[in-house]
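Below: one structure, written as structure tokens.
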Amino acid sequence: MQSIYDDLTNNVYGNPHSRNPSSLLASDIIEQVRSRILRHFNTNLENHSVIFTAGATDALKLLAESFYWKVPVNKEKCYSSCFYYLEENHTSVVGIREKAANSGAQIICVSENDLMVSNENTHFKMCDSSGNGTRESCIVEEHSDCCCHNLFAFPAMCNFSGTKYPLEWVNQTQQGLLFRSSCSSCHWFVVLDASAFVTTSPLDLASCTADFVPVSFYKMFGFPTGLGALIVKNSSSCMLRKCYYGGGTVQATISSERFHVLRKNLADK
Numbered sequence: 012m013q014s015i016y017d018d019l020t021n022n023v024y025g026n027p028h029s030r031n032p033s034s035l036l037a038s039d040i041i042e043q044v045r046s047r048i049l050r051h052f053n054t055n056l057e058n059h060s061v062i063f064t065a066g067a068t069d070a071l072k073l074l075a076e077s078f079y080w081k082v083p084v085n086k087e088k089c090y091s092s093c094f095y096y097l098e099e100n101h102t103s104v105v106g107i108r109e110k111a112a113n114s115g116a117q118i119i120c121v122s123e124n125d126l127m128v129s130n131e132n133t134h135f136k137m138c139d140s141s142g143n144g145t146r147e148s149c150i151v152e153e154h155s156d157c158c159c160h161n162l163f164a165f166p167a168m169c170n171f172s173g174t175k176y177p178l179e180w181v182n183q184t185q186q187g188l189l190f191r192s193s194c195s196s197c198h199w200f201v202v203l204d205a206s207a208f209v210t211t212s213p214l215d216l217a218s219c220t221a222d223f224v225p226v227s228f229y230k231m232f233g234f235p236t237g238l239g240a241l242i243v244k245n246s247s248s249c250m251l252r253k254c255y256y257g258g259g260t261v262q263a264t265i266s267s268e269r270f271h272v273l274r275k276n277l278a279d280k
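Numbering (our numbering), first residue to last: 12 to 280.
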């Protein structure tokens, strides 16, 4: 606390996207912190990006709103994205399903026992996207000509029970092994809720290939509050589609025409 007080007393930090001395100082500090965060998780800026948020919940909200949910193009063929989530998830993770459902994605809730049983007859509970109850759906149904962007969400450690779930699920999902119902053209992505896990355990993103990792620095350090991040694997960043821009997130824009050029960096400045 004393170190933070001394820093703010002796330095003036401006808006990072500006070019004045105080803003350049802020930009430099932010990039240093990003690099330090990634070193903590055994990765680097070449492989991952750090998007600062107001906390883990805000990081999950950003992911839900930005993820490229693909909707069916007709009733005969399935092109719809699927959102699978573990039953033992934080409320903020479960909240993704509302945005996914409103975007036309199918919603499937799975339990730990479901994932431990590896056979072709496994059935998962599919939530009705209209919010009118549930129905059973066989996950082994093959869909021809299917090209979907599917997302699976689970916590590295349960906030309630403290149970740590297998990180191997990440790679198994990405390879299409955990959910055998998908055809070969489906693309699987994983959001690993690490906000509880990283408070007491190291997370190695060099070996854990999760596409999206929300964290809360408040849970790690206790101060400052209202600060978290969404760590994004750069190779999966194409799945995040930003609609709104402002401030330092845009490189150029014309108010009289629908023209703008976003910065390549995912993070808001």
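For each residue, glycine too, the CB sits at the ideal point set by N, CA and C.
Own chain partners of residue 181 with C-beta closer than 8 Å, once the 5 adjacent residues on each side are dropped = 201, 203, 219, 220, 221
So residue 212 packs on residue 227, CB below 8 Å; how close in whole Å?
-> Not a contact, Cβ separation roughly 14 Å.
First and last residue of the alpha helix (DSSP H) that includes residue 64?
-> Where residue 64 is concerned, there is no enclosing alpha helix (DSSP H), although the beta strand (DSSP E) it sits in stretches over 59-64.
Pick out whichever of 264, 101, 234 has its Cα sitting closest to the Cα of residue 174.
-> 101
C-beta contact flag for residue 24 and residue 14 at 9 Å | no
Excluding the five sequence neighbours on either side, which residues of its own chain have a C-beta within less than 7 Å of the C-beta of residue 38, listed in chain order?
-> 27
Reduced DSSP category for residue 170 - H, G, I as helix; E, B as strand; rest coil | coil
Residues near residue 6 by beta carbon distance below 6 Å, same chain, minus five either side | The first residue shown for the chain is 12 and the last is 280, placing residue 6 beyond what the model contains.
Beta-carbon gap between residue 240 and residue 61 smaller than 9 Å = yes
What three-state label does DSSP hand residue 236 in the structure shown?
-> coil
State the start and end residues of the unbroken beta strand (DSSP E) segment that holds residue 273.
-> 270-273
Where the alpha helix (DSSP H) containing residue 283 begins and where it ends | As shown, the chain starts at 12 and ends at 280. That puts residue 283 outside it, with no answer to give.
With burial defined as no fewer than 16 other Cβ atoms inside 10 Å of the residue's Cβ, what is the status of residue 250: buried or exposed?
-> buried
Can you tell which of 259, 224, 236 has the C-alpha that lies nearest to the C-alpha of residue 73?
-> 224
Does the Cβ-Cβ distance between residue 237 and residue 70 come in under 9 Å?
-> no
Got a sec, what are the start and stop residues for the alpha helix (DSSP H) residue 68 sits in?
-> 67-77
Distance between residue 256 and residue 19 (C-alpha atoms, nearest Å) | 29 Å
According to DSSP, what are the bridge partners of residue 264?
-> 271
If you run the structure through DSSP and keep just helix, strand and coil, what is residue 23?
-> coil
Assumed close pair residue 209, residue 231 - CB separation to whole angstroms, cut-off 8 Å = 6 Å
According to the neighbour-count rule (16 or more other Cβ atoms, all chains shown, within 10 Å of its Cβ), is residue 108 buried or exposed?
-> buried
Can you pull the DSSP bridge partners for residue 161?
-> 199
Taking all protein chains shown into account, decide if residue 144 is buried (16 or more other Cβ within 10 angstroms of its Cβ) or exposed.
-> Low local confidence applies: a pLDDT of 41 at residue 144 is under 50, so the model's placement there is unreliable, with the coordinate-based value given in what follows. Exposed, since its Cβ has fewer than 16 Cβ neighbours within 10 Å.
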